[in-house]
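These notes are about the structure you will find just below.
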Amino acid sequence: MSRNQIETRIAQLYLALQYCSERSKSFTPGERICINQERFQWMHILDNETASPRPVSQAIENKLKEVLRLADHYNFKPYYGDPFKEEILLHN
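Quick note: the sequence shown uses our numbering, first residue -19, plus one each step.
Below you can see the structure in the form of structure tokens.
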């Protein structure tokens, strides 16, 4: 994956977690942990390209797609900004 694709994936994972927190409670605590593990592993890969991704299971990925579809449909904007995006701005 390119750096841009990784940053997009990180943003999608964050948006899905925020939508779940603020609107639908779509994910179980265990699923949220898996999503955060993938998210933080992608952040690690940005600094260490030899690291391996830790994608979520297909079942969680299917839920992610549905939550992201709903977030897009309702033009959801999280109450809190994505701290990763803020960090990228500081480094650029």
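Even for Gly, the Cβ is constructed at its ideal location relative to N, Cα and C.
Between the beta-carbon of tyrosine -1 and that of leucine 50 there is about 7 Å, and that keeps the pair under the 8 Å contact cut. Phenylalanine 56 carries a coil assignment under DSSP once its states are collapsed to helix, strand and coil.
Listed in chain order, the non-local C-beta contacts of proline 35 below 8 Å within the same chain comprise Glu18 and Glu41, local neighbours out to five positions each way being set aside. Counting along the chain, arginine 19 sits inside the alpha helix (DSSP H) bounded by residues 9 to 27.
Tyrosine -6 counts as buried, since at least 16 other C-beta atoms from the protein chains shown sit within 10 angstroms of its C-beta.
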